[in-house]
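Below you'll find the structure, written out as structure tokens, and then a few comments.
2 protein chains.
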Amino acid sequence: MDRRQKRTREAIFQAFTGLLSEKSFEKITVGEILERADVGRATFYAHFETKDFLLKELCEELFCHIFDSVSKPEIQHRHIFTCEEGDSVFLHLLKHLKNNDNNILKLLVGQNNELFLQYFKKGLLRLIKSQLSLFEERKSTILPEDFWINHIASTFVETVRWWVDHGMKESPETVAEYFSLAV
Amino acid sequence: MDRRQKRTREAIFQAFTGLLSEKSFEKITVGEILERADVGRATFYAHFETKDFLLKELCEELFCHIFDSVSKPEIQHRHIFTCEEGDSVFLHLLKHLKNNDNNILKLLVGQNNELFLQYFKKGLLRLIKSQLSLFEERKSTILPEDFWINHIASTFVETVRWWVDHGMKESPETVAEYFSLAV
DNA sequence: GATATTATTGAACACTGTATTCGGTATCGA
DNA sequence: TCGATACCGAATACAGTGTTCAATAATATC
Numbered sequence: 000m001d002r003r004q005k006r007t008r009e010a011i012f013q014a015f016t017g018l019l020s021e022k023s024f025e026k027i028t029v030g031e032i033l034e035r036a037d038v039g040r041a042t043f044y045a046h047f048e049t050k051d052f053l054l055k056e057l058c059e060e061l062f063c064h065i066f067d068s069v070s071k072p073e074i075q076h077r078h079i080f081t082c083e084e085g086d087s088v089f090l091h092l093l094k095h096l097k098n099n100d101n102n103i104l105k106l107l108v109g110q111n112n113e114l115f116l117q118y119f120k121k122g123l124l125r126l127i128k129s130q131l132s133l134f135e136e137r138k139s140t141i142l143p144e145d146f147w148i149n150h151i152a153s154t155f156v157e158t159v160r161w162w163v164d165h166g167m168k169e170s171p172e173t174v175a176e177y178f179s180l181a182v
Numbered sequence: 000m001d002r003r004q005k006r007t008r009e010a011i012f013q014a015f016t017g018l019l020s021e022k023s024f025e026k027i028t029v030g031e032i033l034e035r036a037d038v039g040r041a042t043f044y045a046h047f048e049t050k051d052f053l054l055k056e057l058c059e060e061l062f063c064h065i066f067d068s069v070s071k072p073e074i075q076h077r078h079i080f081t082c083e084e085g086d087s088v089f090l091h092l093l094k095h096l097k098n099n100d101n102n103i104l105k106l107l108v109g110q111n112n113e114l115f116l117q118y119f120k121k122g123l124l125r126l127i128k129s130q131l132s133l134f135e136e137r138k139s140t141i142l143p144e145d146f147w148i149n150h151i152a153s154t155f156v157e158t159v160r161w162w163v164d165h166g167m168k169e170s171p172e173t174v175a176e177y178f179s180l181a182v
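In structure tokens, the structure reads:
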């Protein structure tokens, strides 16, 4: 990939995430992105078909990064809720989020976070399904599987939303504890 | 209120909800609403400041209706999860939703439902808070109150979302059972 | 039933934002 | 150095929003 292309793409992402932490997606104009990224209009459209595609690609990049971090061999065999020999998968994710890479948390909060939460949940569903064998909970036998998986993932997302909405006062360990009690 | 005003307002709501069940809010143009409602452009803006205000007023009208139905004296003293002497509050809401008043379920599903779910959740939070004294669950003593209330409401919303997304095959009674087991 | 009031119409308008085009310029890889 | 290609920027077509106003129609009230 050409250096110019990388620089332009990165500048656009940078400007876009900055704007997203200030205002909702709908209110951001391509013009603002161009100005902040210092990029020509035609250049923008050479990289991204539309503003919506930009958002989509950003989401994919961010969550790919997040979920890659729990797909490492030494982590992925661990239980989602609890783990004796290190952080559970959920705790690992929480810590990762707390690092606030790429301002991802700013994007997960706010009014216009539906798309981000959607990507987050999609990744979680995949994660949970892939580790289904690790679950031996009572609920998995009583409730329909898809309801139950969906419930875990939703509670996961809502717990994070609650955490961030309240200023992330609690430690990742405390939130992980709340989650395992709630679910 | 003038008959003409009522007729116009109703026609706009009708056209709008119809369009909302077909496409997302952002993709609906005022022009489409006008055409379907058979109403002049100036008339529309005499009734609603903007397209966003229209959505807001529709939400308020719909959910006001829904939550009024569980605020009746004979219902509101009942427990949210279980009730010996009739339907629980949740079961009552599920039955009400199943009746599909005003196509509200079509609006709760689909891609662009975040605003509806937000209103739904807001109503639920108020409902749960107002009946806090009825809860004597173990979780309420272990978990922080706001986390716990938020968890109940979120699970409520996500359960309904799951139900609707899967075609509402289950009876309201079954879904109410799933909910009380999950939460 | 006559009349004053008020809602509605429809067309024209300014405005903002999207997405495309294209000739010229700067930067890159080899 | 040179050919390729990414970028610039200005112009442009286009779609949607929200406003205005004089003419018209429906309504409430007396």
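From first to last, the protein sequence lines are chains A and B. Just so we're aligned: 18 in numbering that gives the first Met the number 0 is position 19 of the first sequence, and the numbers increase by one with no gaps anywhere. Just so we're aligned: 173 in numbering that gives the first Met the number 0 is position 174 of the second sequence, and the numbers increase by one with no gaps anywhere. Note that the Cβ used here is the ideal one computed from N, Cα and C, for glycine as well. It should be emphasised that the depicted structure is a prediction, and the values quoted were computed from it without experimental measurement.
Could you tell me how far apart the beta carbons of residue i and residue j are, in whole angstroms, since I believe they sit closer than 8 angstroms?
i, j, result
"Ile27 (chain B)", "Ile11 (chain B)", "With 8 angstroms as the limit, Ile27 (chain B) and Ile11 (chain B) do not qualify as a contact, their Cβ atoms being about 12 angstroms apart."
"Leu123 (chain B)", "Phe115 (chain B)", "Wrong, their Cβ atoms sit about 13 angstroms apart, outside the cutoff."
"Leu142 (chain B)", "Val69 (chain B)", "Between Val69 (chain B) and Leu142 (chain B) the Cβ distance is about 25 angstroms, and since that is not below 8 angstroms, they are no contact."
"His150 (chain A)", "Glu157 (chain B)", "7 angstroms"
"Phe43 (chain B)", "Val29 (chain B)", "6 angstroms"
"Glu113 (chain B)", "Glu113 (chain A)", "4 angstroms"
Could you check which residue in the options has the C-alpha nearest to that of residue i?
i, options, result
"Asp164 (chain A)", "A:Cys63, A:Leu104, A:Arg2", "A:Leu104"
"Ala181 (chain A)", "A:Lys97, A:Arg2, A:Ser153", "A:Ser153"
"Gln130 (chain B)", "B:Trp162, B:Ala14, B:Pro72", "B:Pro72"
"Thr16 (chain B)", "B:Phe66, B:Glu60, B:Glu169", "B:Glu60"
"Glu169 (chain A)", "A:Leu93, A:Arg125, A:Asn149", "A:Leu93"
"Ala36 (chain B)", "B:Ser20, B:Cys58, B:Leu57, B:Gln13", "B:Gln13"
"Gln117 (chain B)", "B:Phe155, B:Asp145, B:Ser132, B:Gly39", "B:Phe155"
"Trp162 (chain A)", "B:Glu34, B:Lys97, B:Trp147", "B:Trp147"
"Leu57 (chain A)", "A:Gly39, A:Leu19, A:Thr140, A:Thr173", "A:Leu19"
"Gly166 (chain A)", "A:Gly30, A:Gly85, A:Lys97, A:Phe66", "A:Lys97"
"Gly39 (chain A)", "A:Met0, A:Gln4, A:His64", "A:Gln4"
"Thr173 (chain A)", "A:Lys128, A:Asp86, A:Phe119, A:Glu21", "A:Asp86"
"Phe62 (chain B)", "B:Glu48, B:Pro171, B:Ala41, B:Asn99", "B:Asn99"
"Ile65 (chain B)", "B:Phe178, B:His91, B:Glu113", "B:His91"
"Glu21 (chain B)", "B:Asn102, B:Asp1, B:Met0", "B:Asn102"
"Arg160 (chain A)", "A:Ser132, A:Thr140, A:Lys120", "A:Lys120"
"Tyr177 (chain B)", "A:Thr140, A:Thr49, A:Ala175", "A:Thr140"
Measuring CB to CB, does residue i end up less than 9 angstroms from residue j?
i, j, result
"Leu54 (chain A)", "Phe89 (chain A)", "no"
"His46 (chain B)", "Arg6 (chain B)", "no"
Legend entry - Minimum length 4: unbroken alpha helix (DSSP H) runs contained in the segment 93-161 of chain B: 103-107, 113-129, 138-141
Would you mind listing the beta strand (DSSP E) stretches within the segment 39-71 of chain A that are 3+ residues and don't spill past its ends, in chain order?
none
Contained alpha helix (DSSP H) runs [length at least 4] in the segment 1-42 of chain A, N- to C-terminal order: 2-19, 29-36
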